[in-house]
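Peer 1:
In this note's numbering, the protein residues as written are 105 to 330.
1. What residues are listed by DSSP as bridge partners for residue 238?
2. Identify, in the order they occur along the chain, each residue of the same chain with its Cβ nearer than 8 Å to the Cβ of residue 296, setting aside the five sequence neighbours on each side.
3. Closest by CA to residue 215, which one among 140, 130, 309, 161?
4. How many angstroms separate the CA atom of residue 247 from the CA atom of residue 111?
5. Indicate the three-state DSSP secondary structure (helix, strand or coil) for residue 85 in the structure shown.
6. Where DSSP assigns a beta bridge to residue 171, which residues make up the other side?
7. Could you tell me the distance, in whole angstroms, from the CA atom of residue 266 to the CA atom of residue 256?
8. Is the stretch 140–156 touching the stretch 175–184, taking contact as three or more C-beta pairs under 8 Å?
9. Helix or strand or just coil, what does DSSP make of residue 118?
10. Closer than 8 Å by C-beta to residue 191: which residues in its own chain qualify, once you throw out the five before and the five after it? Chain order, please.
11. Give the straight-line distance between the Cα atoms of residue 168 and residue 188, rounded to the nearest whole angstrom.
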């Protein structure tokens with residue numbers, strides 16, 4: 105299906121890292137993305153867990169955090185997921201790590217991934233025993249965090265695609281349980297199919313679509329690449 109013309113290429117064309125870049129991105133030992141795949145049914149306490157961590161992050165970062173969002177499968181009620189809370193934190197400049205990394209380390213996070221070539225992304229995690237959180241830091245104008253919000257909101261409001269994604273996750277978790285990289289790659293097909301639905305709809309149908317002052321709702325500015 106054709107994409108709505110309002111969406112720029114830098115948003116619709118997903119960037120994927122290869123193994124070389126993924127290895128180079130690791131900051132502290134093994135990547136958490138190498139953990140065995142365990143999928144559980146949706147839990148009612150996931151929103152509360154997000155709220156608890158979001159409050160701590162907000163207090164630690166104050167005005168450095170421009171936006172804190174619950175993303176990933178645990179943010180979609182009824183969707184099975186790895187029992188890990190994914191949080192996106194939007195900042196003005198993710199390369200200025202001195203403005204947020206020490207404060208996050210002080211509340212228990214550690215940096216595990218740094219990949220400035222991919223949307224300026226940094227990733228920090230909490231210890232497993234604390235109830236795992238993957239905290240993703242992005243520049244506020246990067247396309248990837250907007251993709252996360254569009255995907256989340258679409259699955260929340262479109263049960264057919266939510267069930268399609270759930271079925272794919274369950275099957276792939278069984279077939280690739282000990283090969284996390286294969287699991288993530290195998291999800292790309294169904295994710296791309298769902299994004300085709302997302303990008304065929306006009307931006308005005310998406311609650312998270314940005315509307316800067318003086319700009320029409322069906323337009324999006326080019327990002328400031330960092």
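Positions of the beta carbon are idealized from the N, C-alpha and C atoms, including for glycine. All of these numbers come straight from a predicted model, not from anything done at the bench.
Peer 2: Quick look at the numbers:
1. For the purposes of this step, residue 238 is taken as the residue at position 134 of the chain shown. The bridge partners DSSP lists for residue 238 are 190, 229.
2. Along the chain shown, read from residue 1 onward, the residue named residue 296 stands at position 192. 118.
3. Taking the first residue of the chain shown as position 1, residue 215 is located at position 111. Minimum Cα-Cα distance from residue 215 among the listed residues 140, 130, 309, 161 corresponds to 130.
4. The count along the chain shown starts at 1 and reaches residue 247 at position 143. The count along the chain shown starts at 1 and reaches residue 111 at position 7. Approximately 11 Å, taken between the alpha carbons.
5. One cannot answer for residue 85 here, as it falls past the ends of the chain, which runs 105 to 330.
6. Residue mapping note: residue 171 aligns to position 67 of the chain shown, counting from 1. DSSP output for residue 171 lists 194 as bridge partner(s).
7. To locate residue 266, count along the chain shown from 1; it is residue 162. To locate residue 256, count along the chain shown from 1; it is residue 152. In a straight line, the C-alpha of residue 266 is about 10 Å away from that of residue 256.
8. yes
9. In the chain shown, counting from the first residue as 1, residue 118 sits at position 14. Correct three-state label for residue 118: coil.
10. As a working mapping, residue 191 is identified with position 87 in the chain shown. Once the five neighbours on either side are set aside, the close Cβ partners of residue 191 are 154, 157, 158, 161, 172, 173, 174, 175, 237, 238, 239, 240.
11. Mapped onto the chain shown, residue 168 falls at position 64. Mapped onto the chain shown, residue 188 falls at position 84. Rounded to whole angstroms, the separation of the alpha carbons of residue 188 and residue 168 is 24 Å.
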